[in-house]
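Residue numbers (UniProt numbering): 1 to 260.
The block underneath contains the structure these notes are about, expressed in C-alpha cells.
This is the structure in C-alpha cells:
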C-alpha cells in the first residue's frame, strides 16, 4: 500500500493530479485530496484505502467505487477544471497549473504541503504560494494522496465526456470509447466532420482540420459539480504566464519509511 503521508510529520498534505491533459476534447480536470494519515480514521479501518492506485491501472467500475469512497472518507476531496477555450488561450500546461491552483483555493481545510504529480509546479494563489511543494514525476504511483487525486479527476473527466457526448457526436468521434483522446476513430472523425467547439483547437490534430463544423448547441452546456467543485473558469488574464523553474520547489524528498 502507498503511504497516506509523504513526509512523516504533522503537516497536512494535499495530493494533486490531473486527468484529460492529452485529450483532444473538452475540459482538463484536476483532483485535490487530503487524506487522514491513520487507517482507523476510515469507516473500514483503511481496507478500501489500500486499493487506491494510479487511476490508469483501474477498471472503470473499480475506479468509480474508489472515487465514491475517497469523496466520502477523505478529510477533503475536490475537483476543478480548465475549459478548452482556456487551454487554447494559455496552453495546456498553464491551464493545468491554473486549475490546480483553483482546486487548492477551494479547499476549506488548511494545508502546509502540496504533492504535485509531474515535474513542474506554478503556484499562483495565496494558499498555494504559502505551502511547501514537492513535485513527483509518476506521483500517482508513489503517493496515496496523489493517486486518490488522479482517481477523482479521472472519474470527473470521464463523467463530463459522457455528458457532452450526444449520440451524434459519439457517432462522429467515438467519444464514449476514447474519452476524447486521439484514437484512430477520433482522428478519422475530425477529417470527415471537422472539429467541434469543444475540441481543443490548439492541439495539432484538431487545428489541422476545418474548424467549427458542428453547432455549439449540439452538446449539453455545463455539468453539475462533483462534490465541492471550484465553480467556473478564471479569466485567461488571471492565469500565470510562463513556467517557473522546477528548482523553485522542493525536489526528491524521500517517502515515509513505513510506506510499502
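Ideal placement from N, C-alpha and C gives every residue a C-beta, glycine not left out.
From a predicted model like this one, the values you see are computed outputs, not experimental measurements.
Burial state of residue i (16 or more Cβ within 10 Å)
i           : result
residue 126 : exposed
residue 178 : buried
residue 2   : buried
residue 140 : buried
residue 154 : buried
residue 184 : exposed
residue 5   : buried
residue 119 : exposed
8 Å contact criterion, which residue i and residue j should meet: CB distance rounded
i           : j          : result
residue 144 : residue 58 : With a Cβ gap of about 14 Å, residue 144 and residue 58 do not count as contacting.
residue 169 : residue 95 : With a Cβ gap of about 22 Å, residue 169 and residue 95 do not count as contacting.
Start and end residues, beta strand (DSSP E) containing residue i
i          : result
residue 31 : 28-34
Close-in-space but distant-in-sequence residues of the same chain around residue i (CB under 6 Å, 5 per side omitted)
i           : result
residue 14  : 32, 34, 111, 114
residue 23  : 180, 181
residue 146 : 15, 17, 115, 117, 139, 140
Bridge partner(s) assigned by DSSP for residue i
i           : result
residue 17  : 31
residue 136 : 117
residue 79  : 31
residue 25  : 199
Any non-hydrogen atom of the ligand ADP within 6 Å of residue i CB
i          : result
residue 33 : Ligands displayed in this structure: none; no statement on the ligand ADP is therefore possible.
Residue interval of the alpha helix (DSSP H) (run including residue i)
i           : result
residue 159 : 144-164
residue 100 : 92-106
residue 178 : 175-178
residue 127 : 126-130
residue 189 : 184-193
Own chain partners of residue i with C-beta closer than 7 Å, once the 5 adjacent residues on each side are dropped
i           : result
residue 158 : 179
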